[in-house]
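Below: the structure, in structure tokens.
Residue numbers (the UniProt record's numbering): 1 to 189.
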């Protein structure tokens, strides 16, 4: 199988189910941003950190492939001609969100309470987490935008929302673990 197909040379691409849309379609932007986020989480996973975090990040990357597949499937193509669901073995479920919430709760147990906004930075690994958090927020915004005109399962948006929270707390926890300086934002008076 060749990597290049030449089918996108005129600025269109195929969604799951074969529907062709312009490459700048909001659906493409939405799942493309999820793909960008997934790649950035791979970069975070390549950093030196506790193996537990790496295991969770692999699980997140797997779930993001699922979110991407969901976003790449128009509602009219969700069911195959034989009546089966196109993504029958894929899906985001409540336990995927609960995993993120449980991990957030565990990390926060060892962190001092937040009293100020925190400026991103202090260590390259922490900075990567903050960049991934921002990409995740963009992916969430795009999925919400897509949902105004096309079907997007609410749970996919909830997952992205909770994932951005997880990435923020992971940044704080890694900052703590790495003894990196956490710079607080102080507004002008």
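C-beta atoms are modelled at their ideal positions from N, C-alpha and C, and glycine is treated no differently. Fair warning: this is a prediction, and the values are worked out from it, not measured in the lab.
Subject >> residue 173 versus residue 111 - alpha carbon distance >> reply: Answer to the nearest angstrom: the Cα atoms are 7 Å apart.
Subject >> Alpha-carbon to alpha-carbon, residue 123 and residue 187 >> reply: Their backbone Cα atoms lie some 23 Å apart in a straight line.
Original post:
Taking just the CA atoms, how far does residue 161 sit from residue 70?
Top reply: C-alpha separation (whole angstroms): 16 Å.
Subject >> Buried versus exposed, by CB contacts within 10 Å (16 or more), residue 51 >> reply: Exposed, by the Cβ-count rule.
Subject >> Proximal residues to residue 185 (C-beta, below 8 Å), its chain only, five neighbours per side dropped >> reply: Around residue 185: 116, 117, 118, 119.
Original post:
Quick one: complete alpha helix (DSSP H) runs, 4+ long, within the region 68 to 118?
Top reply: Complete alpha helix (DSSP H) runs here, min 4: 94 to 109.
Original post:
How big is the Cα-Cα spacing for residue 31 and residue 176?
Top reply: Computed Cα separation, rounded: 32 Å.
Original post:
When the distance is taken between beta carbons, is residue 132 closer than 8 Å to residue 41?
Top reply: In this structure, residue 132 lies closer than 8 Å to residue 41 by Cβ.
Original post:
Among 159, 3, 45, 56, which residue has its Cα nearest to the Cα of residue 107?
Top reply: For residue 107, the nearest C-alpha among the options comes from 56.
Original post:
Just curious, the alpha helix (DSSP H) that residue 125 is in, first and last residue?
Top reply: Residue 125: member of the alpha helix (DSSP H) spanning 124 to 147, first to last residue.
Original post:
Using the C-alpha atoms, what's the distance from residue 74 back to residue 183?
Top reply: Each residue's alpha carbon lies about 44 Å from the other.
**OP:** Given a cut-off of 8 Å, decide if residue 60 and residue 125 are closer than it, judged by their beta-carbon atoms.
**Re:** For residue 125 and residue 60, no; Cβs fall outside 8 Å.
**OP:** Name, in chain order, the residues that DSSP records as bridge partners for residue 21.
**Re:** According to DSSP, residue 21 bridges with 13.
Subject >> Status (buried if at least 16 other CB within 10 Å, exposed otherwise) for residue 3 >> reply: Exposed is the call here.
Subject >> Backbone secondary structure at residue 191 - three-state DSSP >> reply: Residue coverage of the chain in this structure runs from 1 to 189, which leaves residue 191 outside it and unanswerable.
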